[in-house]
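Colleague: Mapping to my numbering: the sequence shown position 137 is 170, numbers consecutive. Where a beta carbon is used, it is the ideal one built from N, C-alpha and C, also for glycine. Bear in mind the structure is a predicted one, so any value in this text is a computation, not a measurement.
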Amino acid sequence: MREVLYTRPELFYLAETWQYYADSASRVTRVLLEYRYTASQIPAKRAEYNALLENFIAKCGIDETFTDFECVLAVHDTMISIYSYDSDYVIDTSYGMLKSGKGVCEAYSLLFLEVMRYCNIESFIALNIPEKHCWNMV
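This is the structure we're talking about:
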């Protein structure tokens, strides 16, 4: 599930846990996803996320004349000037970071990935599982 969430930050409403059921031939017959919000909350949360993301992108001041390097630098500089590290280690999604103004490395990486997608710049999240740390590669 982590692989899905680390490529699709807009799915912030999905939890990292899931279950599957298999038949006697070991074929998966059902997959159950876990959610951070109820089904009735998700549309409003997605709308809020999109508005917060658009606001952040506007703060970056990116326009069509920017080179890839200028976009990356603008996003980086805007992120470090607006957001702070969540020393309570709670906020781990781009949505949580956009809403609260803080996040752990995962939240930073997910937001950066989302904005790189907007800029049409290839990026992905690199993980160091033993250290419980992640960052972006562009």
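Between the segment 103-122 and the segment 134-142, do three or more beta carbon pairs fall short of 8 Å?
Modeller: Result yes; three or more Cβ-Cβ pairs closer than 8 Å.
Colleague: Which residue wins for smallest C-alpha separation from Thr126, given the options Pro76, Phe102, Phe145 and Asp110?
Modeller: Closest option to Thr126, Cα to Cα, is Phe145.
Colleague: So, under 8 Å CB-CB, Thr111 and Lys92 are touching, yes? Tell me the CB distance rounded to an integer number of Å.
Modeller: Correct: roughly 6 Å between the Cβ atoms.
Colleague: Under 8 Å between the Cβ atoms of Glu43 and Tyr82?
Modeller: Contact flag set, yes.
Colleague: Where does Phe157 fall in DSSP's three states?
Modeller: Of the three classes helix, strand and coil, the one that applies to Phe157 here is strand, per DSSP.
Colleague: Let me know if Asn169 comes out buried or exposed under the rule of 16 or more other beta-carbons within 10 Å of its beta-carbon.
Modeller: Classification of Asn169: buried, given that the 10 Å Cβ count is 16 or more.
Colleague: Comparing alpha-carbon positions, which option in Ile154, Phe45 and Val37 lies nearest Val105?
Modeller: Looking at the Cα atoms, Ile154 is the closest of the given residues.
Colleague: Which residue from Ile124, Tyr46 and Leu86 puts its Cα closest to that of Met149?
Modeller: Taking only the C-alpha atoms, the option nearest Met149 is Leu86.
Colleague: Report the three-state DSSP secondary structure of Ser133 (helix, strand or coil).
Modeller: Here Ser133 sits in helix by DSSP.
Colleague: Excluding the 5 residues flanking Asp56 on each side, which residues of the same chain have their C-beta closer than 8 Å to its C-beta?
Modeller: The answer, listed in chain order, is Thr62.
Colleague: Could you compute how far the alpha carbon of Ala32 sits from the alpha carbon of Glu67?
Modeller: Nothing about residue 32 can be reported from this structure: the residues present for the chain run from 34 to 171 only.
Colleague: Distance, Cα to Cα, Phe45 vs Ala107?
Modeller: Their backbone Cα atoms lie some 24 Å apart in a straight line.
Colleague: Whose CA, out of Trp51, Arg60, Ala80 and Ser59, lies closest to the CA of Tyr128?
Modeller: Selected option, being the one with the closest Cα: Ala80.
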